[in-house]
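Peer 1: Residue numbers (the numbering used here): 63 to 579.
Here a beta-carbon is modelled for each residue, glycine too, at the ideal position from N, C-alpha and C.
Nothing here was measured: the structure is a model prediction, and the numbers come from that model.
Please find one structure pasted underneath; my questions will follow.
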Amino acid sequence: MLPIWVMGYPYELPNLAGMHRVITDGDPNFFLGSRMLPWFLLLFSSFFSWGDPLPWISINIVALCISLFPLWWCVNKLAGNRVAWISAVLFPLLPLHFIQALRVDGYVFAYVFLFFSIAFFLETNTFVKNKSVSSKRFAILILLSGLSFGLALAFRDAFILFLPGIVIAAIFFGYRYWRHLVSGLVIFLGVSLFVYSLPIASHVASQDVSIIEKGLLLIGAERSTPSIGHFYPDLYTYEFEKDEYIKDFVAEVSTWSKLDQLGAQNYMQIFGATSSTLIPRILIGSWLIIGSIPSLFLQDYIGGVFLWLFILPGMFLFFKKRRRIFLLLVWLPISLEVVIRYLFLAQRSHLMDYAWVLVIFAGVGIVSITQRLTSNKKNSILIIALITFMVSIQCMQANRSQIARFYNKSNTLNIYAATKAIDSLPADSIVAYPSSIKEYFYLTDTRSIIFAPTTLYSLHNKDSLIFALNNYAVTHAIGYEELLSKLINQHVDIIPMPEVSAPAASSFVSLILHWFR
């Protein structure tokens, strides 16, 4: 929070209006990926304004700090006390998590319950010590583990991608205890999916669809709105010109290089622009796997290659001495990546889902290297602390550089000014805007709709612009270039783009910012 306190504003804003809209409108589709988050933050809405991002970011940071307790607990069960403390230090300083702490999107809340879920499972001792336990204790711990995992899913649905890997790992490691295996999977999966579905259960029950479709909606396998911005440029294109858009897009892609065509195939398959056959799907998934590898070494994600100097020795030691743990820790990220890339054909990096595994390996590596250097207990603790400090400084250096870059291109002050202008509109206003300025609506409850500039130009040429705007009851527009604004202004009012500048910094503030830059 120090850079935010010094500057007086965050470099980027969470979509607070989207979460507030979920609560007021009752439709969870807008914020489906973290369906529990709006309802949790509602508990604090009596104390903080939805238009003020700072207290909500502070709550997010507190949640990340709380996640360190269950993280320490589960790592202590897996690799011992020293590795647990190292992991608790490195986890929040990893650039990926350091930046995630400032983004109120459900991930850090999910970490809390994910680590509790792992810890409760490890308490059964069936994996760590490879022995059976009483049926009653096993059932209670699996119930708590499933409950925690369900809450993790409810705060961030990306962790549902772990489920196939968890089921396969349970069968592989637990087939000898098949009674515990069957009962444990039934309890774990049943409780997890029930808790995950709970925040949107009433909404899904009110939908006029079949039981199967309701089940798909509950687990997030089917959504009632398209992913605007990922493939279709806006809702109008999806609802009125879908086939024409796909035809034009396929024709355009055919003129690209073979490499670029392969890069576009995932969205084309996801949105039905091309047939989904096995061989192309395998090629696309493999291409996406290869494309995700660099994120494992990027400075902005894990601080660069430096951390791998300790991750690799940690992996080797786990493989040599605790092979079951090694196989599980490696299998979970691999299974998640396979599901993401080959089944869903997703391109976005999901390293934040399993970077905690790398932190554990790094902790084991630091301890193992120290043991090689000295056998004296006091000296080993000192060396562990020194190495951990060095790694932490490396991570902080990466965080410092990243925060400075983010502030250099921050749009927050413009968003504050735009929010003030948009909030001054009549209550029944609906504002059209291009997706490039979607952040302008993160703090306002004024209703809005995305219209791509290319769509509006095309509609104007077809004399259909007035139809499209009236179809969505658009009353205002903001963020379009001058020529397009003049065309739109014939039908709706234009909101002038706000012009703001950063406040002048004092000498003290400049010094603090220099340290971060």
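Tell me whether L345 is buried or exposed, calling it buried when 16 or more other Cβ atoms sit within 10 Å of its Cβ.
Peer 2: Mapped onto the sequence shown, residue 345 falls at position 283. Counting Cβ neighbours within 10 Å, L345 comes out exposed, since fewer than 16 surround it.
Peer 1: Can you name the start and end residues of the beta strand (DSSP E) that R509 belongs to?
Peer 2: Position 447 of the sequence shown holds residue 509. Start and end: 509-512.
Peer 1: In the DSSP assignment, find the unbroken beta strand (DSSP E) run with Y495 in it and report its ends.
Peer 2: Residue 495 sits at position 433 when you count from the first residue of the sequence shown. Segment 492-495, the beta strand (DSSP E) holding Y495.
Peer 1: Where does A408 sit, in a helix, a strand or coil, going by DSSP?
Peer 2: The residue given as residue 408 occupies position 346 in the sequence shown. In the structure shown, A408 sits in coil (DSSP, three-state: anything other than H, G, I, E or B).
Peer 1: What residue range is occupied by the uninterrupted alpha helix (DSSP H) comprising K139?
Peer 2: Along the sequence shown, read from residue 1 onward, the residue named residue 139 stands at position 77. Per DSSP, K139 belongs to the alpha helix (DSSP H) from 115-141.
Peer 1: Report yes if the C-beta distance between S149 and G425 is below 7 Å; otherwise report no.
Peer 2: For this step, residue 149 is matched to residue 87 along the sequence shown. For this step, residue 425 is matched to residue 363 along the sequence shown. In this structure, G425 lies closer than 7 Å to S149 by Cβ.
Peer 1: In the DSSP assignment, find the unbroken alpha helix (DSSP H) run with M69 in it and report its ends.
Peer 2: Taking the sequence shown and counting its residues from 1, the one referred to as residue 69 is at position 7. First-last of the alpha helix (DSSP H) with M69: 64-69.
Peer 1: When burial is assigned at 16 or more other CB atoms within 10 Å of the CB, is M452 buried or exposed?
Peer 2: As a first step, residue 452 is located in the sequence shown; it is residue number 390 there, counting from the start. That one is exposed.
Peer 1: What did DSSP end up calling I556 once you bin it into helix, strand or coil?
Peer 2: As a working note, residue 556 is residue 494 in the sequence shown. Of the three classes helix, strand and coil, the one that applies to I556 here is strand, per DSSP.
Peer 1: Express the C-alpha separation of G252 and G70 in angstroms, rounding to a whole number.
Peer 2: Here residue 70 refers to the residue found at position 8 when the sequence shown is read from its first residue. Here residue 252 refers to the residue found at position 190 when the sequence shown is read from its first residue. Roughly 45 Å separates the two Cα atoms.
Peer 1: Would you kindly check if the distance between the Cβ of L545 and the Cβ of L518 is under 7 Å?
Peer 2: Here the question's residue 518 lines up with position 456 in the sequence shown. Here the question's residue 545 lines up with position 483 in the sequence shown. No; because the gap between Cβ atoms is not below 7 Å, this pair is not in contact.
Peer 1: Are the CB atoms of V562 and L475 nearer to each other than 7 Å?
Peer 2: Taking the sequence shown and counting its residues from 1, one reaches residue 562 at position 500. Taking the sequence shown and counting its residues from 1, one reaches residue 475 at position 413. Closer than 7 Å, so yes.
Peer 1: Mark S286 as exposed unless 16 or more other C-beta atoms lie within 10 angstroms of its C-beta, in which case mark it buried.
Peer 2: Numbered from its first residue, the sequence shown carries residue 286 at position 224. Confidence at S286 is low in this model, with a pLDDT of 48, below 50, so the placement of that residue should be treated as unreliable; the coordinate-derived value is given next. The residue in question, S286, is exposed, as its Cβ has fewer than 16 Cβ neighbours within 10 Å.
Peer 1: Pick helix, strand or coil for A417, following the three-state DSSP scheme.
Peer 2: Within the sequence shown, the letter at position 355 stands for residue 417. Here A417 sits in helix by DSSP.
Peer 1: Who are the near neighbours of P342 in its chain, counting only those whose CB is closer than 7 Å to its CB and skipping five residues on each side?
Peer 2: As a first step, residue 342 is located in the sequence shown; it is residue number 280 there, counting from the start. Here the set comprises Q327.
Peer 1: In angstroms, rounded to a whole number, what distance separates the CA positions of R97 and S264?
Peer 2: Here residue 97 refers to the residue found at position 35 of the sequence shown. Here residue 264 refers to the residue found at position 202 of the sequence shown. Whole-angstrom Cα-Cα distance: 13 Å.
Peer 1: Output yes or no for whether 7 Å exceeds the beta carbon distance between Y495 and N77.
Peer 2: Within the sequence shown, numbered from 1, the residue matching residue 495 stands at position 433. Within the sequence shown, numbered from 1, the residue matching residue 77 stands at position 15. Not in contact: Y495 and N77 (Cβ atoms no closer than 7 Å).
Peer 1: Mind checking which residues open and close the alpha helix (DSSP H) that includes G80?
Peer 2: Your numbering for residue 80 matches position 18 in the sequence shown. Segment 78-87, the alpha helix (DSSP H) holding G80.
Peer 1: Pull up the distance between the alpha-carbon of A483 and that of W101, whole angstroms please.
Peer 2: Here residue 483 refers to the residue found at position 421 of the sequence shown. Here residue 101 refers to the residue found at position 39 of the sequence shown. Rounded to whole angstroms, A483 to W101 spans 28 Å at the Cα level.
Peer 1: State the DSSP-derived secondary structure class of H292, mapped to helix, strand or coil.
Peer 2: Position 230 of the sequence shown holds residue 292. DSSP places H292 in coil when its eight states are reduced to three.
Peer 1: Assign A326 to one of three DSSP states: helix, strand, or coil.
Peer 2: By 1-based counting over the sequence shown, the position of residue 326 is 264. Reduced to three states, the DSSP call for A326 is helix.
Peer 1: Any idea what DSSP makes of A163, helix, strand or coil?
Peer 2: Indexing the sequence shown from 1 puts residue 163 at position 101. Three-state DSSP puts A163 in coil, outside helix and strand.
Peer 1: Which one or two residues does DSSP pair with H538 in a beta bridge?
Peer 2: Start at 1 with the first residue of the sequence shown, and residue 538 comes out as number 476. BP columns for H538 point to V493, D555.
Peer 1: Distance check for N143 and L444, CA to CA, integer angstroms please.
Peer 2: Indexing the sequence shown from 1 puts residue 444 at position 382. Indexing the sequence shown from 1 puts residue 143 at position 81. Taking the straight line joining both Cα atoms gives about 15 Å.
Peer 1: Spatial neighbours of S207 within its chain, please: C-beta separation below 7 Å, excluding the five flanking residues on both sides.
Peer 2: Position 145 of the sequence shown, counting from 1, holds the residue named residue 207. Result list for S207: S179, F182, F183, F250, in chain order.
Peer 1: What residue does the alpha helix (DSSP H) around A480 start on, and which one ends it?
Peer 2: Your numbering for residue 480 matches position 418 in the sequence shown. Looking at the DSSP string, the run of the alpha helix (DSSP H) that includes A480 is 474-485.
Peer 1: When you compare the region 366-382 with the region 426-446, are there three or more beta-carbon pairs, one atom per stretch, that lie closer than 8 Å?
Peer 2: In short, these stretches touch, since the Cβ pair count reaches three.
Peer 1: Rounding to the nearest angstrom, what Cα-Cα distance links Q552 and S497 in this structure?
Peer 2: Here residue 552 refers to the residue found at position 490 when the sequence shown is read from its first residue. Here residue 497 refers to the residue found at position 435 when the sequence shown is read from its first residue. Spanning the two alpha carbons is a distance of roughly 22 Å.
Peer 1: Shortest alpha-carbon distance to F381 belongs to which of N523, L260, A141?
Peer 2: Locating residue 381 in the sequence shown gives position 319, counting from the first residue. Per the Cα distances, A141.
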